[in-house]
Amino acid sequence: MEQKKFVGKKELWMFALGSGGQGMVYAMMSSYISDYYLNVLQLTPIFVLLLMLLARVWDAINDPLMGMIADKANPKQGKLKPYIIWATIPIATLTILMYLSPDLPKSSLMVYSAIVYVLWGMCYTVADVPFWSLPNIMTPNSTERSSVISFTKIFNSVGSALPEVFFFIAGFLLPKFISTDDPIAYNKKKYLIITVAVVAIGMIFYVNSYFHIKERVHISPKKRKQGDPSTLSRLFRCKPLMCVVAMGILSSGRYMVQAAAIHVARYAFYIGKDLTGMTLEQRTAAIDASVSTVKTIFQLCAIVGMFGATLFMPYLMKKYDYKKLLITTCLAGFVSSIFTTLIGWFTANLYICIPFIVITCIPLGVINTISIAMICDSLDYMELTTGFRDNALGSACQGFVNKLGSALSTCGIVVMYMIIGFEPSQMLSSTAIVAANELTRTQNFAMFSLVSIIPGISLLLCSIPMFFYEISGDKKKEMLAALAKKRAENE
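Structure, rendered in structure tokens:
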């Protein structure tokens with residue numbers, strides 16, 4: 004049974020394309036919302052900080068709750084597939100509303116932004132938790148499951164990078180069609196246009212996956228007896244799963260490479276013509292082109308490092324132990340971040356930093372892929388030791404960790420603004436726009452640290468819990484053999 008293949012090529016590709024569409028929409032939020040809130044809407048940094056933190060407190064309740072609902076519910080259309088259909092329109096609508104920038108007083112705008120942001124997170128949870136639980140029930144073959152995950156993550160990574168393509172093109176194309184004499188108004192229009200394009204394409208790919216995915220693994224729910232551990236108790240007692248969760252939380256700084264790139268592009272590097280003597284309209288177009296260029300350089304580094312690693316993961320995951328792969332690449336990323344930081348401080352040359360930024364991004368692809376495979380293995384362990392298998396709850400842990408990591412990276416950006424005394428309204432307004440080369444070197448480097456040493460330290464810390472993760476090598480083989488035997492006996 005373990006050697007049989009269950010997932011056909013068309014099904015695999017449609018699932019992968021669906022994950023690519025989901026990645027597009029999630030990246031539109033995670034990589035750009037901090038810049039939009041701080042520099043475009045110019046919400047106060049302390050408000051953005053509190054919004055991110057309080058939203059994650061709610062997610063700590065909302066995500067596990069969604070996991071438990073998905074595990075217990077049995078809709079007629081399928082156990083997990085229906086959530087793809089149910090969540091598509093709400094997510095699409097809320098993503099556009101997030102970047103709509105209504106003409107409201109600042110206090111009302113804060114309320115609007117908070118409501119939309121929290122609702123978006125809730126709707127995304129409804130879609131994300133069941134979607135990434137699907138590999139568990141698409142095939143009972145653990146090897147094939149790992150292949151499905153790694154292949155799907157390739158497309159998810161590509162999808163996550165596509166919004167940057169839109170931003171790069173928009174940075175050069177939109178000034179030809181939209182007036183740039185008001186920097187704030189121009190940026191609002193740019194964000195909305197890009198968001199509509201990303202949502203339209205991403206949601207089509209995402210919802211299409213519903214019509215091609217098949218659910219094959221149907222484990223009869225085990226009724227809880229007196230003395231059996233509760234759902235949450237099983238979750239927290241599953242040591243391998245808790246190790247993966249701890250690793251995910253400690254690796255939150257890795258999100259900085261993408262989330263902070265737009266801020267680094269605005270305030271750390273300027274690549275373009277001399278701004279002396281330019282009109283406001285010309286300055287806006289030149290600075291926007293520079294921001295697009297620098298942001299694209301960072302995105303290309305992330306693509307080469309993260310996507311490159313993801314591309315090789317199907318092969319590496321078959322040949323090498325998950326635990327060793329993760330620890331090795333994270334330590335390499337940490338060492339590389341030290342070189343990036345030193346080069347940034349002593350030379351302030353972005354181009355020399357490029358190869359080291361690429362190496363720092365390699366663990367991003369490894370973590371994104373292996374963490375899901377490790378959660379699936381942890382659920383195998385839970386099923387073997389307790390008789391229960393909470394697929395969606397396990398996926399909810401991953402979803403919560405991802406959203407927590409994204410929020411913590413945004414919080415880190417906001418805190419950096421506060422530390423160096425950045426006032427967004429003085430950097431970007433309807434009558435002025437400041438370039439990175441007009442700031443102090445200390446301010447430039449402080450912003451650069453968000454994508455250099457801070458992600459590196461996070462990679463070092465996240466490797467620690469992995470030394471306590473025991474589902475590897477011969478122990479994993481023994482566990483899978485015992486689980487296969489147990490399932491055969493229960494059939």
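In the numbering used here, the protein residues as written are 4 to 494.
The C-beta atom is built at its ideal place from N, Cα and C for all residues, glycine as well.
Because the structure is a prediction, the values reported are computed rather than measured.
Label F349 either buried or exposed according to how many other C-beta atoms from any shown protein chain fall within 10 Å of its C-beta, with 16 as the threshold for buried.
Locating residue 349 in the sequence shown gives position 346, where the first residue counts as 1. That one is exposed.
Curious, which full-length alpha helix (DSSP H) runs of at least 4 residues does the stretch 20-81 contain?
Within the stretch 20-81, the complete alpha helix (DSSP H) runs of at least 4 residues fall at 48-75.
How about I265 and Y102: are their beta carbons less than 9 Å apart?
For the purposes of this step, residue 265 is identified with residue 262 of the sequence shown, where counting begins at 1. For the purposes of this step, residue 102 is identified with residue 99 of the sequence shown, where counting begins at 1. No, these two residues do not count as a Cβ contact at 9 Å.
Identify whether S431 lies in helix, strand or coil by the three-state DSSP scheme.
Indexing the sequence shown from 1 puts residue 431 at position 428. With the sequence shown as reference, residue 431 is identified as Leu, and Ser is not the correct amino acid for it. Here L431 sits in strand by DSSP.
So, using beta-carbon positions, are I370 and C241 closer together than 9 Å?
The residue labelled residue 370 in the question sits at position 367 within the sequence shown. The residue labelled residue 241 in the question sits at position 238 within the sequence shown. For I370 and C241, no; Cβs fall outside 9 Å.
At the level of alpha carbons, what is the spacing between F337 and G81?
Along the sequence shown, read from residue 1 onward, the residue named residue 337 stands at position 334. Along the sequence shown, read from residue 1 onward, the residue named residue 81 stands at position 78. Cα to Cα, F337 sits roughly 43 Å from G81.
Would you grab the beta carbon distance between G205 and Q25 for me? Rounded to a whole angstrom, and I think it's under 8 Å.
On the sequence shown, position 202 is the one that residue 205 refers to. On the sequence shown, position 22 is the one that residue 25 refers to. With a beta-carbon spacing of about 7 Å, G205 and Q25 fall inside the 8 Å limit used to define contacts.
Sort S37, Y273, I197 by Cα distance to S409 and report the nearest one.
The sequence position of residue 409 within the sequence shown is 406, counting from 1. Per the Cα distances, S37.
Spatial neighbours of L253 within its chain, please: C-beta separation below 6 Å, excluding the five flanking residues on both sides.
The count along the sequence shown starts at 1 and reaches residue 253 at position 250. Cβ-Cβ distances below 6 Å link L253 to L464, C465 in the same chain, with the five nearest sequence neighbours on each side left out; the list follows chain order.
Outcome for S145 when other beta-carbon atoms lying within 10 angstroms are tallied against a minimum of 16
Within the sequence shown, residue 145 is the residue found at index 142, counting from 1. Buried, because 16 or more other Cβ atoms sit within 10 Å of the Cβ of S145.
I need the straight-line Cα distance from P468 to P133, nearest angstrom please.
The residue given as residue 468 occupies position 465 in the sequence shown. The residue given as residue 133 occupies position 130 in the sequence shown. Straight-line Cα distance between these residues: approximately 26 Å.
Rounded to whole angstroms, what's the CA-CA distance from L345 to V294? Just pull it up for me.
For the purposes of this step, residue 345 is taken as the residue at position 342 of the sequence shown. For the purposes of this step, residue 294 is taken as the residue at position 291 of the sequence shown. Whole-angstrom Cα-Cα distance: 23 Å.
Take the Cβ of V418 as the centre, count every other Cβ of all protein chains shown within 10 Å, and call the residue buried at 16 or more, exposed below.
Counted from its first residue, the sequence shown places residue 418 at position 415. The residue is exposed, with fewer than 16 neighbouring Cβ atoms inside 10 Å.
What number of angstroms, rounded off, separates the C-alpha of N352 from the C-alpha of A203?
Counted from its first residue, the sequence shown places residue 352 at position 349. Counted from its first residue, the sequence shown places residue 203 at position 200. Here the alpha carbon of N352 sits roughly 38 Å from the alpha carbon of A203.
If the criterion is Cβ atoms closer than 9 Å, does the pair S33 and G256 meet it?
Translated into positions along the sequence shown, residue 33 becomes position 30. Translated into positions along the sequence shown, residue 256 becomes position 253. Contact flag unset, no.
For D380, I'd like the list of residues in its chain whose CB is within less than 6 Å of its CB, leaving aside the five on either flank, ordered along the chain.
By 1-based counting over the sequence shown, the position of residue 380 is 377. Excluding sequence neighbours, D380 sits near I474.
Between S339 and K322, what straight-line distance do the alpha-carbon atoms span, to the nearest angstrom?
For the purposes of this step, residue 339 is identified with residue 336 of the sequence shown, where counting begins at 1. For the purposes of this step, residue 322 is identified with residue 319 of the sequence shown, where counting begins at 1. In this model, S339 and K322 are separated by some 25 Å (Cα to Cα).
What residue range is occupied by the uninterrupted alpha helix (DSSP H) comprising V201?
The count along the sequence shown starts at 1 and reaches residue 201 at position 198. It spans 186-211 - the alpha helix (DSSP H) in which V201 sits, taken as one unbroken run.
In angstroms, rounded to a whole number, what distance separates the CA positions of K479 and G402?
Along the sequence shown, read from residue 1 onward, the residue named residue 479 stands at position 476. Along the sequence shown, read from residue 1 onward, the residue named residue 402 stands at position 399. Going from the Cα of K479 to the Cα of G402 covers about 24 Å.
Are the CB atoms of L212 and L20 nearer to each other than 9 Å?
Sequence index remark: in the sequence shown, residue 212 carries index 209 (1-based). Sequence index remark: in the sequence shown, residue 20 carries index 17 (1-based). Looking at the sequence shown, residue 212 is not Leu but Ser. Yes. Within cutoff.
Once you ignore the five residues that flank K84 on each side, which residues in its own chain have a CB closer than 7 Å to its CB?
As a position in the sequence shown, residue 84 is number 81, starting the count at 1. Answer for K84: Y213, I216, E218, listed in chain order.
Assign I365 to one of three DSSP states: helix, strand, or coil.
Along the sequence shown, read from residue 1 onward, the residue named residue 365 stands at position 362. Here I365 carries a helix assignment [DSSP, helix/strand/coil].
If we call anything under 9 Å between Cβ atoms a contact, is Q45 one with I207?
Numbered from 1 along the sequence shown, position 42 holds the residue referred to as residue 45. Numbered from 1 along the sequence shown, position 204 holds the residue referred to as residue 207. No, Cβ-Cβ distance for Q45 and I207 is not below 9 Å.
Since I436 sits in a beta bridge, which residues does DSSP pair it with?
Position 433 of the sequence shown holds residue 436. Looking at the DSSP assignment, I436 forms a beta bridge with L431.
CB contact flag (W42, P427, <9 Å):
Here residue 42 corresponds to residue number 39 of the sequence shown, with the count starting at 1. Here residue 427 corresponds to residue number 424 of the sequence shown, with the count starting at 1. First, the amino acid is wrong: residue 42 is Asn here, not Trp. Their beta carbons are under 9 Å apart, which means N42 touches P427 by this criterion.
Cutting at 7 Å between CB atoms, please list the residues of its own chain near W16, excluding the five before and the five after it.
Within the sequence shown, residue 16 is the residue found at index 13, counting from 1. Counting only Cβ-Cβ distances below 7 Å, and skipping sequence neighbours, we find nothing.
Contact check, L396 vs T234 under 8 Å by CB: the rounded distance?
Counted from its first residue, the sequence shown places residue 396 at position 393. Counted from its first residue, the sequence shown places residue 234 at position 231. Taking a contact as a CB-CB distance under 8 Å, the pair L396 and T234 counts as one, their CB atoms being some 7 Å apart.
Please report how far the alpha carbon of D74 lies from the alpha carbon of D383, in whole angstroms.
Reading the sequence shown from its first residue, position 71 is the one you call residue 74. Reading the sequence shown from its first residue, position 380 is the one you call residue 383. When rounded, the separation of the alpha-carbon atoms in D74 and D383 is 15 Å.
CB-CB length for M31 against V201, believed under 8 Å
Reading the sequence shown from its first residue, position 28 is the one you call residue 31. Reading the sequence shown from its first residue, position 198 is the one you call residue 201. About 5 Å separates the CB atoms of M31 and V201; that is less than 8 Å, so the two are in contact.
Near I362, what residues of its chain come up, given a Cβ to Cβ distance below 7 Å and the 5 sequence neighbours on each side ignored?
Taking the sequence shown and counting its residues from 1, one reaches residue 362 at position 359. So the qualifying residues of the chain are G308, A335, G336, S339.
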